[in-house]
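Asker: Protein chains in written order, with UniProt numbering: chain A, 1 to 190; chain W, 1 to 190.
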DNA sequence: TCAATTAACATACGGAGCGTATGTGAAAGG
DNA sequence: CCTTTCACATACGCTCCGTATGTTAATTGA
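1) Skipping 5 residues on each side, what residues in its chain have a beta carbon closer than 6 Å to that of residue 81 of chain A?
2) Give me the subset of the UniProt domain "HTH tetR-type" (3-63) of chain W whose CB atoms are less than 8 Å from a CB atom of chain A, sorted by chain position.
3) Below 7 Å between beta carbons is the criterion; list the residues of the segment 124-140 of chain A that meet it against any residue of chain W, in chain order.
4) Keeping to the same chain, check which residues put their C-beta closer than 8 Å to that of residue 154 of chain W; ignore five residues upstream and five downstream.
5) Cβ atoms of residue 174 of chain A and residue 7 of chain W: under 7 Å apart, would you say?
6) Give the straight-line distance between the Cα atoms of residue 52 of chain A and residue 181 of chain A, rounded to the nearest whole angstrom.
7) Nearest by alpha-carbon distance to residue 104 of chain W: which of W/29, W/17, W/139 is it?
8) In chain order, what residues of the same chain lie with their CB nearer than 6 Å to the CB of residue 29 of chain W, ignoring the 5 residues before and after it?
9) Among the candidates A/158, A/83, A/54, A/164, whose CA atom is the shortest distance from the CA of residue 66 of chain A?
10) Could you spell out where the alpha helix (DSSP H) holding residue 155 of chain A opens and where it closes?
11) Spatial neighbours of residue 55 of chain W within its chain, please: CB distance less than 8 Å, with the 5 preceding and 5 following residues excluded, ordered by chain position.
12) Would you identify the three-state DSSP class for residue 30 of chain A, choosing helix, strand or coil?
13) Any beta carbon of chain W sitting closer than 7 Å to that of residue 183 of chain A?
14) Residues of the segment 82-111 of chain W with a CB closer than 7 Å to any CB of chain A: list them in chain order, please.
15) Cβ closer than 7 Å: which chain W residues qualify as neighbours of residue 180 of chain A?
16) Report all residues from its chain with a CB closer than 6 Å to the CB of residue 25 of chain W; omit the five preceding and five following residues, and keep chain order.
17) Hey, would you say residue 159 of chain A sits closer than 7 Å to residue 111 of chain W, going by beta carbons?
18) To which residues does DSSP link residue 138 of chain A through a beta bridge?
19) Pull up the CB-CB distance for residue 64 of chain W and residue 124 of chain W, whole angstroms please, since I reckon it's below 8 Å.
20) What does the Cβ neighbour count give for residue 31 of chain A, buried or exposed, with the cut at 16 atoms within 10 Å?
21) Give me the Cα-Cα distance between residue 74 of chain W and residue 58 of chain A, rounded to the nearest whole angstrom.
22) Leaving out five residues on either side along the sequence, give the residues of the same chain with a beta carbon under 8 Å from the beta carbon of residue 33 of chain A.
23) Note down, in chain order, every chain A residue with its Cβ under 9 Å from the Cβ of residue 78 of chain W.
24) Do residue 187 of chain W and residue 136 of chain W have their CB atoms nearer than 7 Å?
25) Using the C-alpha atoms, what's the distance from residue 149 of chain W back to residue 141 of chain W?
26) Is residue 107 of chain W near residue 107 of chain A, with beta carbons less than 7 Å apart?
27) Could you give the first and the last residue of the continuous alpha helix (DSSP H) run that contains residue 78 of chain A?
28) Give a yes or no on whether the C-beta atoms belonging to residue 77 of chain W and residue 132 of chain W are separated by under 7 Å.
29) Please confirm if residue 166 of chain W has its CB atom under 7 Å from at least one CB of chain A.
30) Check this for me: beta carbons of residue 184 of chain A and residue 183 of chain W, under 7 Å apart or not?
31) For the segment 142-160 of chain A, list every residue whose C-beta sits within 8 Å of some C-beta in chain W, in sequence order.
32) Can you find a CB in chain W that lies within less than 7 Å of the CB of residue 176 of chain A?
Pasting the structure below:
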């Protein structure tokens, strides 16, 4: 039943980290909410950052699955890529993802380039881009560089959208601008 | 001489926050390094976050000045805009800016949309974009949405470049990809 | 000129929180 | 049946933040 213990701790941590944030989350309160004490925590995760890393891994895995599903549902690679970008833009508006993945994560665990799973997420994008470059759909650009630019743009834009006075209008404006920028990547301008 | 006291505290804090980070910076060590005690700190800045905000204001003001200078040096608005994007990309590679402005800042002070001066930085970009749209250089897109996308893209790409095995090659790849994306914003594809 | 107020700090204190060291009970293994 | 190990709980010390309380010097006002 150690898996259940770990899962309940991660669940409680995810709730706390996603709402009040990493710094304000007390390990005593966290473990008490899971019906345990800090002893269990340090036994399974080493320290507070270890638990936080476990939460990040879980969320990142979920995001990868969701993005993969969106991409697989599309007709061709290019629209699949565009759709997953839009899906990421939408996901990055969720408060839990914003708080844990975009804000506290990098500050606590250091740059996301140490995180194995976020790299998966980007690697998936870069692979799709690589194919598009090989097929001649995209101009011959470095796939990872493009993926990083798009990743950052969507992340930041999503936070802007979430805080905008009119989120729906902001989402439309961001999507339009994003589409325009993506067009610049195409080999032949549509 | 209260300005000197404030300045020395901010300088010490900037050094500490920029190297070991906000969470690991002890206020006792900080103030001792400035030849003071925590009493001075809480008198002038209220709390730890207040001092951090003062540091962020200072750095953000410096960044705005630097970007404005780059933009003013250009021949036409469009190249001025492109140059300041490139300058921001270069600035975001500086460890102090990465740590304080990009990583710890949002986590500690909340989303940057509450920060007055970072908004200045973006507003400057948005104003330049607005002019370009009016002049017909750019497609009719929402300037702030474009500014947000570019801001996020450069931020993220800069961190990628800083951590890449070959930063120079990564910078070139990112610049190429970035130029391509910017081309998508133009009304008439070059 | 001198008392009184305020500003600019230093000092002292309480409380919260993290990490570790230690204890305990149950399960597994010989 | 004994022992070892695992999965926790308990207890402790340490650091650090924020506040409350001095203390000194400058300024004000009569």
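Where a beta carbon is used, it is the ideal one built from N, C-alpha and C, also for glycine.
Answerer: In this structure, then:
1) Here the question's residue 81 of chain A lines up with position 81 in the first chain. If you ignore the 5 residues before and after residue 81 of chain A, its C-beta comes within less than 6 Å of the C-beta of 128, all in its own chain and listed in chain order.
2) 21, 22, 23
3) 139
4) Along the second chain, one-based indexing puts residue 154 of chain W at 154. Same-chain partners within the cutoff: 85, 88, 89, 92, 178.
5) For the purposes of this step, residue 7 of chain W is taken as residue 7 along the second chain, with counting starting at 1. For the purposes of this step, residue 174 of chain A is taken as residue 174 along the first chain, with counting starting at 1. Against a cut-off of 7 Å, the Cβ pair of residue 174 of chain A and residue 7 of chain W comes out as no contact.
6) Here residue 52 of chain A refers to the residue found at position 52 when the first chain is read from its first residue. Here residue 181 of chain A refers to the residue found at position 181 when the first chain is read from its first residue. So the alpha carbons of these two residues sit roughly 35 Å apart.
7) Stepping through the second chain from its first residue, residue 104 of chain W is reached at position 104. Nearest Cα to residue 104 of chain W within the set W/29, W/17, W/139: W/17.
8) The sequence position of residue 29 of chain W within the second chain is 29, counting from 1. The answer is none, since no qualifying residue turns up.
9) Position 66 of the first chain, counting from 1, holds the residue named residue 66 of chain A. It is A/83 whose Cα lies nearest to the Cα of residue 66 of chain A.
10) On the first chain, residue 155 of chain A is found 155 positions in, with the first residue counted as 1. Its alpha helix (DSSP H) spans residues 143-163.
11) On the second chain, residue 55 of chain W is found 55 positions in, with the first residue counted as 1. These residues qualify, in order along the chain: 10, 13, 14, 17, 100.
12) In the first chain, residue 30 of chain A corresponds to position 30, counting from 1. Helix at residue 30 of chain A.
13) The count along the first chain starts at 1 and reaches residue 183 of chain A at position 183. Yes - at least one Cβ of chain W is within 7 Å of the one on residue 183 of chain A.
14) 103, 104, 106, 107, 111
15) For the purposes of this step, residue 180 of chain A is taken as residue 180 along the first chain, with counting starting at 1. Correct list: 139, 141, 184, 185.
16) Walking along the second chain from the start, residue 25 of chain W turns up at place 25. If you ignore the 5 residues before and after residue 25 of chain W, its C-beta comes within less than 6 Å of the C-beta of 16, 17, all in its own chain and listed in chain order.
17) On the first chain, residue 159 of chain A is found 159 positions in, with the first residue counted as 1. On the second chain, residue 111 of chain W is found 111 positions in, with the first residue counted as 1. Contact: yes.
18) Position 138 of the first chain, counted from the first residue, corresponds to residue 138 of chain A. DSSP, once it has assigned bridges, lists A/186 as partnering residue 138 of chain A.
19) Mapped onto the second chain, residue 64 of chain W falls at position 64. Mapped onto the second chain, residue 124 of chain W falls at position 124. At roughly 7 Å, the Cβ-Cβ gap stays under 8 Å, so residue 64 of chain W and residue 124 of chain W are in contact.
20) Translated into the one-based positions of the first chain, residue 31 of chain A becomes position 31. Residue 31 of chain A is buried by the Cβ-count criterion.
21) The sequence position of residue 74 of chain W within the second chain is 74, counting from 1. The sequence position of residue 58 of chain A within the first chain is 58, counting from 1. Rounded to whole angstroms, the gap between the alpha carbons of residue 74 of chain W and residue 58 of chain A is 47 Å.
22) What you label residue 33 of chain A is simply residue 33 of the first chain in a count that begins at 1. Around residue 33 of chain A: 12, 15, 16.
23) Residue numbering aside, residue 78 of chain W sits at position 78 when the second chain is read from its first letter. By Cβ distance, chain A contributes nothing, its closest Cβ being about 14 Å from residue 78 of chain W, past 9 Å.
24) Here residue 187 of chain W refers to the residue found at position 187 when the second chain is read from its first residue. Here residue 136 of chain W refers to the residue found at position 136 when the second chain is read from its first residue. Yes.
25) In the second chain, residue 141 of chain W corresponds to position 141, counting from 1. In the second chain, residue 149 of chain W corresponds to position 149, counting from 1. Whole-angstrom Cα-Cα distance: 12 Å.
26) Within the second chain, residue 107 of chain W is the residue found at index 107, counting from 1. Within the first chain, residue 107 of chain A is the residue found at index 107, counting from 1. Yes. Within cutoff.
27) The sequence position of residue 78 of chain A within the first chain is 78, counting from 1. Looking at the DSSP string, the run of the alpha helix (DSSP H) that includes residue 78 of chain A is 77-91.
28) The residue you call residue 77 of chain W lines up with position 77 of the second chain. The residue you call residue 132 of chain W lines up with position 132 of the second chain. The answer is yes: Cβ separation under 7 Å.
29) Taking the first residue of the second chain as 1, we reach residue 166 of chain W at position 166. No - not a single Cβ of chain A is within 7 Å of the one on residue 166 of chain W.
30) The residue labelled residue 184 of chain A in the question sits at position 184 within the first chain. The residue labelled residue 183 of chain W in the question sits at position 183 within the second chain. Against a cut-off of 7 Å, the Cβ pair of residue 183 of chain W and residue 184 of chain A comes out as a contact.
31) The segment 142-160 of chain A vs chain W, Cβ under 8 Å: 142, 144, 145, 146, 148, 149, 150, 151, 152, 153, 154, 155, 156, 157, 159, 160.
32) Here residue 176 of chain A corresponds to residue number 176 of the first chain, with the count starting at 1. Interface residue, yes.
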